[in-house]
Amino acid sequence: PVRLLPILTMVSTLLTAAPAMAETTGCFGRSYAPEHLAANPGQQVREMRARLRKDPNGDPAAKINILDIRLQLRDDSREFTIPLNCHAEAGGLRCSSDDCEAGHARPEVTNNGTLRLKSDYLNADPVNAPDDDGSCDRPQRRAVNDLGADGRTQVPTTFVLYARDARECSWK
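Rendered as structure tokens:
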């Protein structure tokens, strides 16, 4: 006779030990017209989408734990990415990268349903960039925040994004 109890116990242990998946709680985005970009020469972003996710294994005090950003820049047709991990702080959430020099953002969903991302600086890597070699030297990394008068220095920027259909944020 086969003993089912040890097998059932093992299956139950495997199922309960499996990590829970992060749940998408919001999708936001914005596209800027060529006229807007022409009137704002320091602006780097042509299109931005942001996916808010709640990771059951993340900071329990945070309403969201993961902020995934995808964007296209005004002068580059490639898609760029910024994955950020969020935690609760006095005054709201702070989302930053474990990756050196990717930057940080403070997301806030407003009463009218927009997402405001405030950042002192953000840097993005191309989605299909070569694997990370562990160094901070990323020649393909690009500035995301608006640039100051010198054309090189990122200035504090607030991105205002609007609610979008979740399918627009369904990247892997």
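At the far end of the sequence shown sits residue 173, using the working numbering, and the numbering has no gaps.
Ideal Cβ positions, reconstructed from N, Cα and C, are used throughout, including at glycine.
The criterion of a C-beta distance shorter than 8 Å is satisfied by Arg142 and Ala125. By the C-beta density criterion, Val145 is buried, having at least 16 other C-beta atoms within 10 angstroms. Counting the other Cβ atoms within 10 Å of the Cβ of Asn66 gives 16 or more, which makes it buried. When the beta-carbon positions are compared, Gly43 and Leu148 come within less than 8 Å of each other. In the structure shown, the three-state DSSP call for Pro35 is helix. Each of Arg75, Val161, Arg165 and Arg50 was checked against the Cα of Ala40, and the nearest Cα belongs to Arg75.
Here Thr158 is buried: its Cβ has 16 or more other Cβ atoms, across all protein chains shown, within 10 Å. Taking a C-beta distance under 8 Å as the contact criterion, Asn112 and Cys96 do not qualify as a contact pair. A direct Cα-Cα distance of roughly 14 Å separates Glu36 from Gln45. Taking C-alpha positions only, Glu169 is separated from Asp99 by approximately 25 Å. Judged by DSSP secondary structure, Asn129 falls outside any beta strand (DSSP E); it is assigned neither H nor E.
Within the DSSP bridge table, the entry for Cys96 names Cys87 and Ala106 as partners. In this structure Pro108 is in contact with Leu68, their Cβ atoms being roughly 6 Å apart against a cut-off of 8 Å.
Boundaries of the beta strand (DSSP E) harbouring Ser120: Leu116 to Ser120, taken from the DSSP string.
If the five residues before and after Tyr33 are omitted, its C-beta is found closer than 6 Å to the C-beta atoms of Arg47, all from its own chain and listed in chain order. Close CB contacts of Arg165 within its chain, under the 8 Å cut and outside five residues either way in sequence, are with Cys28, Phe29, Gly30 and Arg50 (chain order). For Gly104 against Leu123, the beta-carbon gap comes to about 4 Å, under 8 Å, which counts as contact.
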